[in-house]
Amino acid sequence: MTTTPARDVVDIDDLTVSFATDSGDVAAVKGVTLAVAAGEVLAIVGESGSGKSVTARSILGLLPETATTRGAVVLRSKDGASAHDVVTLSPRQLGDIRGVDAAMVFQEPSTALNPVYPVGWQIAEGLRAHGKYTRAEARAKVVDVMRRVGIPDPEKRVDHYPHQFSGGQKQRIVIAQALVLDPGVIIADEPTTALDVTVQAEILDLLRRCRDEFGTAIVLITHNMGVVADLADRVAVMYSGKIVEQADVATLFSSPQDPYTQKLLASVPRLGEGSARAVERSSRREAGWADSAPVVEARDLRIVYPGRLRQPDFVAVDGVSLAIRPGEVLGLVGESGSGKTTIGRAIAGLTKVTGGSLQVLGTEMNGVKEKTFRPVRERIGFVFQDPASSFNPLLTIAEAVAEPLVVHKRAGDAREARGRVDELLEAVQLPKAFGDRFPHELSGGQRQRASLARSLALQPELLIADEPTSALDVSVQARVLELFDELQREFGFAALFISHDLAVVDLLADRIAVLYRGSLVEEGTGAEVLGNPQHPYTQRLLASLPVPDPAEQARRRATWEQLSQS
Amino acid sequence: MATVATPQAPAVEAGGRRPRGWRGLPVVRQLRQSVGLQRGMLVAGLLLTGLFLLTALFAPLLAPYEYNQLRDPAGPFGAQQAPSSEHWLGTTVGGYDVLSRVIWGSRTALLVIVAAVLMSIVIGVLLGLVSGYFGGWLDRVLVVIADAIYAFPSLLLAIVVGIVLNGGESSLAGGIMAAAISITVIFVPQYLRVVRAETVRIKAEAYVESARVIGAGQWRIMSRHVFRNATRTLPLILTLNASEAILTLAGLGFLGFGIEPTAAAEWGYDLQKALSDVTSGIWWTSVFPGLAIVLVVLGLTLVGESLNDLADPRLRTRRRGGTSPADVAETSVVPAAAAVPTELDPAKEVGL
């Protein structure tokens, strides 16, 4: 460490946490020693299951009953007057320090707030639990903290209910809840993962102000190296329940020491890497390619979800026109609710088209009957977002991959299709023996590869990938993306690649289309869209995307601040 | 259950996975999983249920007399005889041997349970699947009918069905079927609702959508993807319903809508006949059939309740580790090879 902090608010010494499970005890954290200095942002990074959440939650004693904790977690109050070893405290004593000495910001703001109480009441909950405030005092304090976290017009909004706030504002309220008692340290568990990139930038800005204005230390748990580069002062990398490396943020990004950290940083997708590939791919195409009939062509596509009683209809997709030519990868980017998934589902015949025209492999989807579309399904593959739920838990991987072959009568049953299934598993780099496993016996990345194998079973002309890597860890994501690229080159299918992550789309797509509130705001090659964005939304999106490089990110932040002020 | 071992199963054995073979069978797996009080409850329930099943199976060997036997070579048994060496539990007001009636009664009870539960499962699951999967007007009609059946007191309904079906007939098969069908009518709505709710949930799961994208037909999706997933919770309801079935049967018998004593032994009927004995100090005619009902219901309920608790990870108690630091977990934290940060990639090891 470059600076010696005056005082540590949290001192974790040789912490080991194990959980009682059906198959015996499982250690989640082993011998972790960690300190958080006052007023610093410590990021704990690592893949899922690495123990980063468990480590951070142990600071608040927020572990489930099945957990056994050993070691010491010393939590000091902000003024340094008192110190407690959280591990040895009784539930009652824990209640006394929670909120006062340490507080928590949760991942999903929409579930962290109780829908039946006004937000002001919920922020004041901490005050009621810990101090003697009159109603008026508490209200004044709540209004004050709401103003400081950037809720406009707090005097009025203090009486509003959670559903009256947007996702980003809800997260601000959750942060206000944590700040109201002015704790020495805030645990932020993936505070921006559930938010859109543009909102994420605002919340990161707010967290930075928490540190600067409130002097609160923040323990930031995240898997997003861009967020780390943006916010953290110091980084601890966890792997397999242990800390493999600790360094300040500049050192970690410029010269990572541990091989795991190096690999992790190398697998983070960076903007601009894909442009070269796209150019190379387009140079290989034959002359007449641009005039060939598109696989998918949408003209003024409109998809409306009927509203419930006395509520207006919801327009998910509003007048989108796009085309995908044979063998081309179109990346579709947009925030949640922009209609990108709806377009993908409409192409696969899962959602009804309500207006305009959508031609898929020569079939008009507006008003299509399931019977006429079924033969076309053979030529379309679909990769779902969550590999955990897209496999029937009672079928083996081989049976699931054989399913399309059996349905389309290429094979009598799963056993007969086994030869082809083995080939497919090999193509996605899974060993044949994995065919006999059940989905829960595979890791997320392996399952997503099996999902790719299933979608490619019938050698489709068109593949729709709906956020195929958003549920995966960065290192796993890198492997799956690489595989997708290889397979695309080998099989030559056209693809619609849907993602919220510009960097991921940039890696794979020939062209990028940006959706904003149901309309297509920008479309072009990666170089065009990322290099010289025209639409203000695309500019904002691009500026909000944190890059995994602290120096570069500081520069981008300045641009973002300018953009958001104008 | 997902425990049927496939022919290729040996390739899949690895630590920490769901056990296969006999250890993976429904009740056996839960028994191995359970600890402490939950295990005690489950074991007690299984013992009582096992005793009940054995008695029912070997009734002809165990019972000293037939259920409708009134005399032996030495002459009539006589009514309301106190327990003696000939009649261990005495005789009833009708002159039957109490012990024999109690033992034979278990057989009637078992037949009724099996018939009733089988019929209600088949009908209920089928209707629930169709109702939940297709929805629309059929779904609404079925749910309204189910609600209407719920609105009736179950015993009253069973009596009505019993009268309609039975029409005064009282043979063994007729009596058992009448009781079983009246219980079925009460239980079908339960199964329908459970399976329907599960089906509606599963219909929205990604793997059903993926089957639709592949182009699978409705029946294939229903049979291959929805059916087995929707019926996973049924064993729990089944055990609980079995005990309810016994109570309904006994209730029917007690009210006089059950099986005649000459056709089969039935605990509820015997209890009713023993009513007047209680005031005159003749305890044996009522205590033993009553005890039989209580023990069987208790056994089945214990099994059902503990299976229910064990199926829910939040209610399940687990064996706590000792104070020794657990390095047990080395393999379980991340399924990855030690220092290689990318996920486990056996393809490389295989040499692809």
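Quick mapping for you: the protein sequence lines, in order, are chains R and F. Note that my numbering has the first sequence beginning at 1, numbered continuously upward. Note that my numbering has the second sequence beginning at 1001, numbered continuously upward. No residue lacks a Cβ here, since even glycine has one placed at the ideal position from N, Cα and C.
Beta strand (DSSP E) segment containing residue i, residue limits
| i | result |
| --- | --- |
| H440 of chain R | Segment: none, H440 of chain R is in no beta strand (DSSP E) and carries neither H nor E. |
| I571 of chain R | Absent from the structure is residue 571 of chain R, since the part of chain R shown begins at 1 and ends at 566. |
| Y1269 of chain F | Where Y1269 of chain F is concerned, there is no enclosing beta strand (DSSP E), although the alpha helix (DSSP H) it sits in stretches over 1267-1273. |
| T222 of chain R | 217-222 |
| K132 of chain R | First-last for K132 of chain R: undefined, no H or E at that position. |
| A27 of chain R | 24-37 |
| A382 of chain R | Position check: residue 382 of chain R holds Phe in this sequence, whereas Ala was assumed. That run of the beta strand (DSSP E) goes 380-383. |
| I44 of chain R | 41-45 |
| A495 of chain R | 494-499 |
| V268 of chain R | Note, V268 of chain R: premise wrong, no beta strand (DSSP E); not H, not E. |
Residue range of the unbroken alpha helix (DSSP H) whose run includes residue i
| i | result |
| --- | --- |
| E523 of chain R | No alpha helix (DSSP H) holds E523 of chain R; the beta strand (DSSP E) holding it covers 519-525. |
| M238 of chain R | Per DSSP, M238 of chain R belongs to no alpha helix (DSSP H); it is in the beta strand (DSSP E), 234-239. |
| F373 of chain R | 370-377 |
| L395 of chain R | It is not in any alpha helix (DSSP H) - L395 of chain R carries neither H nor E in the DSSP assignment. |
| R208 of chain R | 197-209 |
| L1047 of chain F | 1036-1057 |
| S110 of chain R | 109-112 |
| G444 of chain R | 444-456 |
| Y1065 of chain F | First-last for Y1065 of chain F: undefined, no H or E at that position. |
Which listed residue (the options) has its alpha carbon closest to that of residue i
| i | options | result |
| --- | --- | --- |
| L1236 of chain F | F:G1050, F:I1121, F:G1215 | F:I1121 |
| A1274 of chain F | F:V1117, F:G1036, F:V1098, F:S1131 | F:V1098 |
| T198 of chain R | R:A551, R:A554, R:P536, R:D549 | R:P536 |
| A1059 of chain F | F:V1141, F:A1265, F:I1103 | F:I1103 |
| R622 of chain R | R:M146, R:G71, R:I324 | With chain R running from 1 to 566 in the structure shown, residue 622 of chain R is simply not present. |
| V1188 of chain F | F:G1253, F:L1234, F:I1214 | F:L1234 |
| L204 of chain R | R:A217, R:V228, R:G184 | R:V228 |
| E552 of chain R | R:S82, R:L271, R:Q93 | R:L271 |
| D501 of chain R | R:V474, R:E461, R:A217 | R:V474 |
| L520 of chain R | R:L463, R:R302, R:E467 | R:R302 |
| T16 of chain R | R:A81, R:S240, R:S166, R:L94 | R:S240 |
| G339 of chain R | R:T351, R:L508, R:E328 | R:T351 |
| N1241 of chain F | F:R1107, F:G1175, F:L1298 | F:L1298 |
| E461 of chain R | R:T341, R:I175, R:F382 | R:F382 |
Cutoff 9 Å: residue i Cβ touching any chain F Cβ
| i | result |
| --- | --- |
| A554 of chain R | no |
| L207 of chain R | no |
| Q385 of chain R | yes |
| R557 of chain R | no |
| D196 of chain R | no |
| E403 of chain R | yes |
| L63 of chain R | no |
| F382 of chain R | yes |
| R454 of chain R | yes |
| L395 of chain R | yes |
| P548 of chain R | no |
Closer than 7 Å at the beta carbon, the chain R residues around residue i
| i | result |
| --- | --- |
| G1215 of chain F | R374, R377, E378, V407, H408 |
Contact list for residue i against chain F, beta-carbon separation under 7 Å
| i | result |
| --- | --- |
| A348 of chain R | V1213 |
Chain F contact residues for residue i, given Cβ-Cβ distances below 9 Å
| i | result |
| --- | --- |
| N392 of chain R | E1205, Y1207, V1208, S1210, A1211, R1224, H1225, R1228, N1229 |
| S389 of chain R | E1205, A1206, Y1207 |
Below-9 Å beta-carbon distance, residue i vs any chain R residue
| i | result |
| --- | --- |
| R1220 of chain F | yes |
| R1316 of chain F | yes |
| G1090 of chain F | no |
| V1012 of chain F | Confidence at V1012 of chain F is low in this model, with a pLDDT of 34, below 50, so its placement is unreliable and the value that follows should be read with caution. It does: the Cβ of V1012 of chain F has a partner Cβ on chain R nearer than 9 Å. |
Residues of the region 1031-1048 of chain F in Cβ contact with chain R at a cutoff of 8 Å, in chain order, please. Under the 8 Å Cβ criterion, the region 1031-1048 of chain F contributes Q1033.
With 8 Å as the C-beta to C-beta threshold (strictly closer), list the residues of the region 17-38 of chain R near chain F in chain order. Within the region 17-38 of chain R, the residues whose Cβ lies closer than 8 Å to some Cβ of chain F are S18, A20, T21, D22, S23, G24, D25, V26, A27, A28, K30, listed in chain order.
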